[in-house]
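Participant: Pasting in a structure now, in structure tokens, and then I'll have a few things to ask.
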Amino acid sequence: MGNDVSQAPPRSAVHHLLGHPIDLAGHVDAHGPLVVALGHHDQWQQALTASLESSGLTGRGGGGFSSAAKLAMASAHGHGGTLVVNAMEGEPASDKDKVLLSRAPHLVLDGAQFLAAMCRARRIMVCVPVGRDGIAAAVEHAITERSAARYARVSELVVRPPDRFVAGEESALVSWIAAQRALPVFRPDKGTPLRRGKRPVLLHNAETLAHIALIARHGPERFLARGLVEEPGTSLVTLSGAVAQPGVVEVDRGTPLWEIVRRGTPVQPAQALLVGGYGGNWVGPEHFDTPYASISLRTIGASAGVGVIAVLGERSCGVAETAHIARYLAGQSSGQCGPCVFGLPAIADDLALLARGQADRGLMARLARRLDEVNGRGACRHPDGAVSLVRSALAVFAPDVAAHDRGEPCAHWRKPSSLPFPRPMAR
Amino acid sequence: MTAVRISIDPVACEAYGYCAELLPEAIVLDEWGYPIVDGAPLPADLVALARRAVRDCPKRAITLTKKSAH
């Protein structure tokens, strides 16, 4: 950073994802030309591998897997494949990838170029769901700018899979790319590389790629300067629920949950936070000071998931909200696996009865058994996410659950949900 | 010593339930008729029946995996 103390350091000297130039000229001004070595350039590859390793970057699409480890595996799966930018973001409470792609498309695409070169992939596909035309147009405009300037080496293309919750699951997305079937595939061994024909397909979340672009261009130091020592960097978080200013914020890893929520200006005291998304976990007030980092969230049974924090105000019913989400998740099953097809609606029915104060005597035991039986029995982890959400609700809202179970539903259960849901789509 | 485990392909399975009839010791059905397996090694005296369950499944949804025990 500069020696000139009269000026604040240029903003670009600090690792951040939001606030970069949108157009290519501004992007090149800020970051310089894209320097990528194609083919066998061991020195360049080793340097980038070392940067990614020392950054400790983890995937921001929900899995939280080490980006360096993922790259090492991908490089062993053969060349000539496809690098997929996963911008499906099927989670209704998440907007971070949409915001990132419309505000910094060149950063995401640069990250894809670096990884494509590392794995010797032949093409880059940006997956933006049908219906999100504004995002697709922003990326297509960026790609047009890049090809006009002969800026990038590997071809870039936007493709439009269907807009379904599970369509962004990696095996479903590869299945759509290969055969236009956006359905998760049963893989006994999840370590099996995904392929299109004989060539590997590598998927990375849009936010992860933007971090990779900055680390590859500027080295790991700026990334390491933010967040925790044990878990560096920043994260995009989508805030929603009982806040005056919902939307996407960028936070240092390790920022206490409550401090993140304050940035959205809460409109009433919070009784719980939904962390990680609709397949995530409710977190009660006793844990609001938990640092937003995987290593800390794990200790309270939660995870950063897809970067969602939804605030449940005190004038809402956690049981009813969970029933709404469970119903939504049941409707988003891809319809392939019996335990998900039948189990999620049954769980949603139990929660709806509970929310209305109409629980029969056996409901709580039945619900607990159904949660145990459905967990882990799908081809993808969609049912597991629903189970995790409902289990956390039963724990965090335990006094309310007990009252509803006694036939004393709270005064708030009739209210419409305060959480974001997509409008039902015409089919 | 290799341990044999039962694995069900949940996409292929259509709840015929023959497997649970053949192997009630290792496979139970959920309330919708879909098999639940615990992933534990199969006792040696059940392996022959498990092979038959694999053959008899109309949807070919069952596989036996062998992993050497450490």
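Chains as they are written, first to last, in the numbering used here: chain A, 600 to 1026; chain B, 13 to 82.
Note that CB positions come from ideal geometry on N, CA and C, so glycine has one too.
Taking buried to mean at least 16 other C-beta atoms within 10 Å of its own C-beta, is Q606(A) buried or exposed?
Facilitator: With a pLDDT of 44 at Q606(A), under the threshold of 50, the modelled position of this residue cannot be trusted; read the value that follows with caution. Exposed: under 16 other Cβ atoms inside 10 Å.
Participant: Would a C-beta distance cut-off of 7 Å place S839(A) and A716(A) closer than the cut-off?
Facilitator: No, Cβ-Cβ distance for S839(A) and A716(A) is not below 7 Å.
Participant: So what does K1014(A) bridge to, in DSSP terms?
Facilitator: Paired residues: none, contrary to the question.
Participant: In whole angstroms, what separates the C-alpha of P884(A) from that of R926(A)?
Facilitator: 25 Å
Participant: What is the residue span of the beta strand (DSSP E) that G846(A) lies within?
Facilitator: From DSSP, the beta strand (DSSP E) with G846(A) extends over G846 to D851.
Participant: Kindly list the residues whose CB is nearer than 6 Å to the CB of A919(A), restricted to its own chain and excluding five residues on each side of it in sequence; keep chain order.
Facilitator: A954 and W1012
Participant: Would you list, in chain order, the members of the stretch 926-949 of chain A that have their beta-carbon closer than 7 Å to a beta-carbon of chain B?
Facilitator: Q935, C936, G937, P938 and F941
Participant: Can you pull the chain B neighbours of G977(A), defined as C-beta to C-beta under 8 Å?
Facilitator: P22
Participant: On the DSSP letters alone, give me the boundaries of the alpha helix (DSSP H) that E755(A) sits inside.
Facilitator: Taken as a continuous stretch (DSSP letters only), E755(A) belongs to no alpha helix (DSSP H), being part of the beta strand (DSSP E) at S754 to V758.
Participant: For the pair the stretch 70-78 of chain B and the stretch 965-974 of chain A, tell me if three or more CB-CB distances fall below 8 Å.
Facilitator: Taking 8 Å as the limit for Cβ pairs, the verdict is that the stretch 965-974 of chain A does not touch the stretch 70-78 of chain B.
Participant: Listing by chain order, which chain B residues have their CB less than 9 Å from the CB of P792(A)?
Facilitator: The contacting residues do not exist; P792(A) stays about 19 Å from chain B at best.
Participant: Does H615(A) come out as helix, strand or coil in the three-state DSSP assignment?
Facilitator: coil
Participant: Name, in chain order, the residues that DSSP records as bridge partners for R798(A).
Facilitator: R795(A)
Participant: By DSSP, does Q606(A) sit in helix, in strand, or in coil?
Facilitator: Low local confidence applies: a pLDDT of 44 at Q606(A) is under 50, so the model's placement there is unreliable, with the coordinate-based value given in what follows. In the structure shown, Q606(A) sits in coil (DSSP, three-state: anything other than H, G, I, E or B).
Participant: Since F785(A) meets chain B, which of its residues come closer than 8 Å, beta carbon to beta carbon?
Facilitator: D21, P22, V23 and A24
Participant: Please report the straight-line C-alpha distance between G818(A) and S650(A), rounded to a whole angstrom.
Facilitator: 6 Å
Participant: Using a Cβ-Cβ distance cut-off of 7 Å, determine whether L772(A) contacts chain B.
Facilitator: no
Participant: Leaving aside the five residues before and after G984(A) along the sequence, list all residues of the same chain whose C-beta is less than 6 Å from its C-beta, in chain order.
Facilitator: The answer, listed in chain order, is G878.
Participant: Can you name, in chain order, every residue of its own chain whose Cβ lies under 6 Å from the Cβ of A812(A), other than the five neighbours on each side?
Facilitator: L706, D709 and G710
Participant: How would you label E688(A), buried or exposed, when you count the other beta carbons within 10 angstroms and need 16 or more for buried?
Facilitator: buried
Participant: Since W881(A) sits in a beta bridge, which residues does DSSP pair it with?
Facilitator: L873(A)
Participant: So, for N602(A): in the same chain, excluding its five sequence neighbours on each side, which residues have a beta-carbon less than 7 Å away from its beta-carbon?
Facilitator: Per-residue confidence for N602(A) stands at a pLDDT of 40, beneath the threshold of 50, marking its modelled position as unreliable; no derived number is given.
Participant: Decide if V738(A) is buried, meaning its Cβ has at least 16 other Cβ atoms within 10 Å, or exposed.
Facilitator: buried
Participant: Taking buried to mean at least 16 other C-beta atoms within 10 Å of its own C-beta, is V729(A) buried or exposed?
Facilitator: Under this definition V729(A) is an exposed residue.
Participant: Just to confirm the assignment, what range does the beta strand (DSSP E) spanning I20(B) have?
Facilitator: T14 to I20
Participant: Here's a check: name, in chain order, each residue in its chain whose Cβ is nearer than 6 Å to the Cβ of L663(A), leaving out the five neighbours to either side.
Facilitator: Note on residue identity: the sequence assigns Gly, not Leu, to residue 663(A). Only T657 and S893 meet the Cβ criterion.
Participant: Which same chain residues end up closer than 8 Å to R745(A) when comparing Cβ atoms and leaving out the 5 residues on each side of it in sequence?
Facilitator: L623, H705, L708, A751 and E755
Participant: Grab the span of the alpha helix (DSSP H) containing M717(A) for me, first residue to last.
Facilitator: Segment P704 to C718, the alpha helix (DSSP H) holding M717(A).
Participant: Quick check on this structure: which residue in R67(B), A56(B), P70(B) and K78(B) has the alpha carbon closest to the alpha carbon of E37(B)?
Facilitator: A56(B)
Participant: Helix, strand or coil: which one does DSSP assign to M687(A)?
Facilitator: coil
Participant: Let me see if you follow: with CB-CB separation under 7 Å, is H82(B) close to chain A or not?
Facilitator: Reliability fails at H82(B), whose pLDDT of 46 lies under 50, so the model's placement of it is uncertain and the value that follows must be treated cautiously. Interface residue (Cβ-Cβ distance to chain A less than 7 Å): H82(B) is not classified as such.
Participant: Please classify G1006(A) as buried or exposed, where buried requires at least 16 other C-beta atoms within 10 Å of its C-beta.
Facilitator: exposed
Participant: Rounded to the nearest angstrom, what separates R798(A) and S932(A) at their Cα positions?
Facilitator: Each residue's Cα considered, the two are about 29 Å apart.
Participant: Does the stretch 956-963 of chain A come close enough to the stretch 837-855 of chain A to have 3 or more Cβ pairs within less than 8 Å?
Facilitator: no
Participant: Any idea if A1025(A) is buried or exposed, counting beta-carbon neighbours within 10 angstroms, 16 or more meaning buried?
Facilitator: Confidence in A1025(A) is poor, its pLDDT being 42 and thus under 50, which makes the residue's placement too unreliable to answer from.
Participant: Please report how far the alpha carbon of A60(B) lies from the alpha carbon of R67(B), in whole angstroms.
Facilitator: A60(B) and R67(B) have their C-alpha atoms some 11 Å from each other.
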